[in-house]
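Each remark here refers to the structure printed beneath this line.
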Amino acid sequence: MLSIRNIVKQYAGHRALNDVSLEVESGKIFGLLGPNGAGKTSLIRIINQITAPDSGEVYFNGEKLNQSHIERIGYLPEERGLYKKMEIGEQMIYLARLKGLTRDDATKKLKFWFEKLGMETWWKKKIEELSKGMQQKAQFVATVLHEPDLIILDEPFSGFDPVNAELIKDEILELNRKGATILFSTHRMESVEELCDSIALIHKSHKILDGRVKHIRNSYKNETYLVEYTGEPLAFDGSQPFDIISELAGEDNSNTIKLKLNNSNTANDVLQYLLPKTRINMLQEVIPSMNEIFIEKVNLIA
Amino acid sequence: MNKILLIIQREYVTRVRKKAFLIMMFAVPLLLAGMTALIAYVAKDNNQITKPQIVKVIDESHLFEGKLKNAKNIQFIPTNEPIEKAKQELKDNEDLSVLLISKDYAHKPVQFFSKKKPSFTLTGEVENQMNEIASTNTMLANHIDTALLNQAKKNRVNVSAMEVTEAGTKDANVGASMGVGIACAILIYMSLFIYGAQVMRGVIEEKTSRIIEVIISSVKPFQLMLGKIIGVGLVGLTQFTAWIVLSIIATKFAGNNSSSGIMGALQTLQTIPVGYVLGCFLFYFITGYLLYSALFAAVGSAVDSETETQQFMFPITLPLLFTYILSVSVLFQAPDSPLAVWLSIIPFTAPVAMMVRIPFGGVPDWQLGLSMFMMVVGFLFTTYVAARIYRVGILMYGKKASFKELSKWFFYKE
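Heads up: the sequence lines are chains A and B, in that order. Residues in the first sequence are numbered from 10 upward in steps of one, following the numbering used here. Residues in the second sequence are numbered from 131 upward in steps of one, following the numbering used here.
Written as structure tokens, this is what we have:
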């Protein structure tokens, strides 16, 4: 869908993007992660042809990115905004027509969306008369009204209350099911595991990690397990087939230990060692969250 | 191209639909018509005495007795009442006044008493008649034949200004040309400012409301800037057209049923080639507007709020302001001076300077042609420069822009 190759973007004082390459697969949800100021917005602006890279290329469905692709991209910028004094219906139609829709087509689609999101009564309202959350909803509609193949969302959930954030999330997932490719940037990791098929992590203008979320998490497994047992707290003398990372006493006489395998032992060895000693409630492999990977990676570079 | 049309349409429609626009459209001609009517009325009122006035004359010199002739609405009544008593009577009657001529009227001022300040026409009439009588008296005293003198006075010479042009001589109504010249200068100066500032405000609005990023993900910054400039310009042209049409209707209406004053003014205006002046005005408004509004747009893109525009506005508007001040003070007196010629060729000052010169007529074709050519070159140049600053500026937030910064933006690559 989108192939970003060796993008370099230099600003007066600093380099915003340094040789960044990415592949966004068609029909997937792609997360662009990174701390504030990493260069996410710069990259998004290049994909939207708001700015041009100093070197490197972007390919859209195999074609070099050009003006004709604008109409197939929907963009929700991080800083939201609409014409304050313009009526909302008229404004949405204007924005859709700028994306190449006819007036009739835009009106029809807008009616559908307004009904879907319960905004029918807003048509004649001016933006300044709406609450902030309502404005965000309207802007989301403006982003997807022309049924783009690629939807780019910069920090889509910021500014939404939890109810509306959930609503928008569902809409994003539905659009994705209908075939739209979604690219969104965020620094909030919780949403990533829930939504994204693949991610790229950008830090200080470099891409430091990318791939499928599952693969990344699996590759960051480090033979760590959680074990919960009921009974007297066990004492370990060093002969056990693992190292203790942490121990925690829970309620009802239960204890949880976090352990790391040593000497090429397996989870089976752990159970074998523990079974005669206590009653096991649970054994679970610890897969690092994206958040942990993110922090680890960023700290590693810093 | 299609998208520019869409932008023009939005800019135009949202502005024309505003109440302020409609109010301005009707209010300005009404205000002008009202002011003209008021001036005509006041002038008329001052010139003519509407109510009969009685002037009691206490003539201590006895030189004027019976010689003051009643004029329209003015009646002179000689009296021997003491001055104090006459003054008492004044308090009850507004239309009564007392003229006191002392014995030694040549050295002691003649006094005119009334309850209110007397109108200029009344005192003027009295003064004229008394001067006439006094000089006749003096001449008689010196044995000069007044009959001969009266005849001699009939030889009045009238100087009429004629202008020699290739087409033959014509009336050169200098007053009307000056009036129209200055009016054009003021009008073009103000409209460049008003509509230029509207463009700037529009750009700032888009920038501060942050819609700019949504728009320029759909169109190029240059398209947006051009669309905005053209849209606002069309609003200006609509406004002017409406004013001209309404004024024609208003003067037709006023001309049918009223005063010779307005008709007289219209008559003098006809000595000026209206079509030619109007055509030039439109050309200089359009090109001048394109030239300046592009700069205004660049300024708007460089700032985060209107209060920050000051430092950029001043140097941009300086040439315009300078020409404007020169125009209304000096240029209209010497429309063909080298300074006026130069100013009317430099694009930044030409709209105002040329519009002062045009109503006088006689601007050589080559000067007009060169000036117009320079205007077109000028606006293409400023639009190019402005567009390069604009495309960077609209995405810059929280950076205090300086001229140095702007020049850096100019050289940025895409």
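Just so it is clear, CB atoms sit at the ideal spot from N, CA and C, and this is done for glycine as well. Given the structure is predicted, the values throughout are model-derived calculations rather than measurements.
Taking only beta-carbon positions, decide if residue i is within less than 8 Å of chain B.
i, result
"A25(A)", "no"
"I16(A)", "no"
"E202(A)", "no"
"K118(A)", "no"
"I55(A)", "no"
"K134(A)", "no"
"G98(A)", "no"
"R89(A)", "yes"
"L107(A)", "yes"
"P86(A)", "yes"
"D316(A)", "The first residue shown for chain A is 10 and the last is 311, placing residue 316(A) beyond what the model contains."
"K146(A)", "no"
"L253(A)", "What sits at residue 253(A) in the sequence shown is Ile, not Leu. Not one chain B Cβ lies under 8 Å of I253(A)."
"K93(A)", "yes"
Give a yes or no on whether 8 Å exceeds the smallest Cβ distance from residue i to chain A.
i, result
"I153(B)", "no"
"V349(B)", "yes"
"L136(B)", "yes"
"K300(B)", "Unreliable placement is indicated for K300(B), whose pLDDT of 47 sits below 50; the coordinate value is still reported in the next sentence. No, K300(B) does not count as interfacial toward chain A."
"I334(B)", "no"
"I360(B)", "no"
"T417(B)", "no"
"L510(B)", "no"
"R145(B)", "no"
"E224(B)", "no"
"I519(B)", "no"
"S431(B)", "no"
So what does residue i bridge to, in DSSP terms?
i, result
"V333(B)", "V333(B) is not bridged to any residue."
"N264(A)", "Y238(A) and A258(A)"
"Q205(B)", "I184(B)"
"M291(A)", "E237(A)"
"L85(A)", "L162(A)"
"E32(A)", "S12(A)"
"E96(A)", "K135(A)"
"S227(B)", "V185(B) and S244(B)"
"D113(A)", "D113(A) pairs with nothing; no bridge assigned."
"K269(A)", "T233(A) and D252(A)"
"E72(A)", "F69(A)"
Please report how far the alpha carbon of residue i lies from the alpha carbon of residue j, in whole angstroms.
i, j, result
"N57(A)", "S248(A)", "60 Å"
"Y142(B)", "V365(B)", "6 Å"
"A312(A)", "F166(A)", "With chain A running from 10 to 311 in the structure shown, residue 312(A) is simply not present."
"E72(A)", "W373(B)", "53 Å"
"T60(A)", "G405(B)", "48 Å"
"H212(A)", "M154(B)", "55 Å"
"K358(B)", "T453(B)", "27 Å"
"L154(A)", "A115(A)", "7 Å"
"G142(A)", "R331(B)", "27 Å"
"K199(B)", "K247(B)", "22 Å"
"R487(B)", "V493(B)", "7 Å"
"G240(A)", "L292(A)", "15 Å"
"P481(B)", "I55(A)", "41 Å"
"S501(B)", "W472(B)", "9 Å"
"L498(B)", "T479(B)", "14 Å"
"D179(A)", "S431(B)", "37 Å"
"K300(B)", "I346(B)", "Low confidence applies here, because K300(B) scores a pLDDT of 47, under 50, leaving its location unreliable; read the following figure in that light. C-alpha separation (whole angstroms): 57 Å."
"K118(A)", "Q148(A)", "14 Å"
"E296(B)", "V407(B)", "Because the pLDDT of E296(B) is 48, which lies under 50, any placement of that residue in the model is unreliable, and the number read from its coordinates should be weighed accordingly. Using only the alpha carbons, I get a separation of about 19 Å."
"T190(A)", "V33(A)", "8 Å"
"G196(B)", "P208(B)", "8 Å"
Residue range of the beta strand (DSSP E) that residue i falls in?
i, result
"K18(A)", "L11 to Q19"
"K546(B)", "The first residue shown for chain B is 131 and the last is 544, placing residue 546(B) beyond what the model contains."
"K216(A)", "H215 to R221"
"T253(B)", "Here T253(B) belongs to no beta strand (DSSP E); instead the alpha helix (DSSP H) covers F250 to A271."
"T190(A)", "T190 to T195"
"A209(A)", "S207 to H212"
Can you tell me where the alpha helix (DSSP H) with residue i in it begins and where it stops?
i, result
"S64(A)", "It is not in any alpha helix (DSSP H) - S64(A) instead sits in the beta strand (DSSP E) that spans S64 to F69."
"V279(A)", "A276 to L283"
"L456(B)", "Q440 to S459"
"S51(A)", "K49 to I56"
"S200(A)", "E199 to L204"
"A480(B)", "A480 to R487"
Using Cβ-Cβ distances below 7 Å, what residues of the stretch 433-464 of chain B are close to chain A?
Cβ proximity to chain A below 7 Å picks out nothing from the stretch 433-464 of chain B.
Interface residues of the stretch 163-178 of chain A facing chain B [CB-CB below 7 Å]
Result list empty, no residue passes.
Under 8 Å (Cβ pairs) to chain B, residues found in the stretch 25-49 of chain A
Answer set for the stretch 25-49 of chain A: empty.
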